[in-house]
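Visitor: Numbering (the working numbering), first residue to last: 17 to 155.
Where a beta carbon is used, it is the ideal one built from N, C-alpha and C, also for glycine.
My questions will all concern the structure given below.
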């Protein structure tokens, strides 16, 4: 039955796509955990793969190299910082809004020192190479 074969192959493609995006998110999550424990210089792709329970080659389907992974982590960090500041601004009005946003910014840096350092400090990544990171920084 050709229809059954087509249906099964489409299901397989959808499952692979879903699993691929789930693995990408898992790689980022585990990489960020390792980043916060060890700093970005000590972070290795092999350690991230091991933490996710996948082969070290599997992550290259998602990130070309360590720089690309660090760029994605930094981009996520900017998104989280923006969200934290927006949430703080919603809770207060006028001058208190500005103070709340500033406190949220400082709290983010204190709670995520290595991520903050990766985002704003000097790192081994060329931030201009990663479109997602540039967009996240500009927002």
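Can you confirm whether the segment 98-115 touches the segment 69-82 when touching is taken to mean that 3 or more C-beta pairs between the two stretches lie within less than 8 Å?
Guide: The answer is no - the segment 98-115 does not touch the segment 69-82, with fewer than three Cβ pairs under 8 Å.
Visitor: Would you be able to state if there are at least three C-beta pairs under 8 Å between the segment 38-49 and the segment 76-94?
Guide: Short answer: they touch.
Visitor: So, under 8 Å CB-CB, residue 134 and residue 51 are touching, yes? Tell me the CB distance rounded to an integer number of Å.
Guide: Residue 134 to residue 51, Cβ: 7 Å. Contact.
Visitor: Between which residues of its own chain and residue 47 is the CB-CB distance below 7 Å, once the five residues before and five after are set aside?
Guide: 59, 64, 85, 89.
Visitor: Considering only their Cβ atoms, is the gap separating residue 55 from residue 130 smaller than 8 Å?
Guide: Yes.
Visitor: Can you tell me whether DSSP reads residue 77 as helix, strand or coil?
Guide: Residue 77 falls in the helix class under three-state DSSP.
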